[in-house]
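Residue numbers (the working numbering): 486 to 667. Here a beta-carbon is modelled for each residue, glycine too, at the ideal position from N, C-alpha and C.
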């Protein structure tokens, strides 16, 4: 799965505001509804049902709310970077500041778990997370995600995939800055 195949610039919100998990899922459902052409109430119901099975917070401040849906013929995604992190019941108990919403056609269930695994591997990379947190435009996020397999795992080796003009100058807690300091 190539992320640019399911995620478009208009499906990325870098100033997402939510006070808690349920309001975040409702807003994420509205974003996904725009992409999928399905009523947001149906999507919200499916996301909440999946969340009741177990939290979709995968760690490192990332959650991947997802659902299989009969109404879809192709995968649909959106991404939101929260202005303030919220508790999402993540496996590492860290608050979540990046949500990646994913809807998948139930008719293609055989390709769903590999795609979900790919997303988890993508967000496992500290450099990817750092660049997403620094991006100032949806285009910068897409550039980072398009190149995530090329990104080094070592946090001190920051690639220059995104122009400095499209980066914020804060950093992920506990990670070194671009100059190699802490």
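- [ ] Return the residue from the list 551, 539 and 626 that minimises the CA-CA distance to residue 601.
- [x] What you label residue 601 is simply residue 116 of the chain shown in a count that begins at 1. Closest in C-alpha terms to residue 601, from the list 551, 539 and 626, comes 551.
TODO: Return the residue from the list 603, 623, 633 and 625 that minimises the CA-CA distance to residue 613.
DONE: Position 128 of the chain shown, counting from 1, holds the residue named residue 613. Of the listed residues, the one whose Cα sits closest to residue 613 is 633.
Open item on the list: Taking the alpha carbon of residue 567 as the reference point, which residue from 580, 561 and 627 has its own alpha carbon closest?
Closed with: Within the chain shown, numbered from 1, the residue matching residue 567 stands at position 82. The shortest C-alpha separation from residue 567 is found at 580.
TODO: Examine chain D for any beta-carbon lying closer than 8 Å to the beta-carbon of residue 615, and answer yes or no.
DONE: No chain D is present in this structure, which holds just one protein chain.
Task: Top-ranked residue by Cα proximity to residue 556, from 496, 591, 497 and 506 - done: By 1-based counting over the chain shown, the position of residue 556 is 71. Of the listed residues, the one whose Cα sits closest to residue 556 is 591.
- [ ] Label residue 604 either buried or exposed according to how many other C-beta atoms from any shown protein chain fall within 10 Å of its C-beta, with 16 as the threshold for buried.
- [x] As a working note, residue 604 is residue 119 in the chain shown. The residue in question, residue 604, is buried, as its Cβ has 16 or more Cβ neighbours within 10 Å.
- [ ] Helix, strand or coil for residue 499, going by three-state DSSP, please let me know.
- [x] The residue given as residue 499 occupies position 14 in the chain shown. Residue state, collapsed to three classes: strand.
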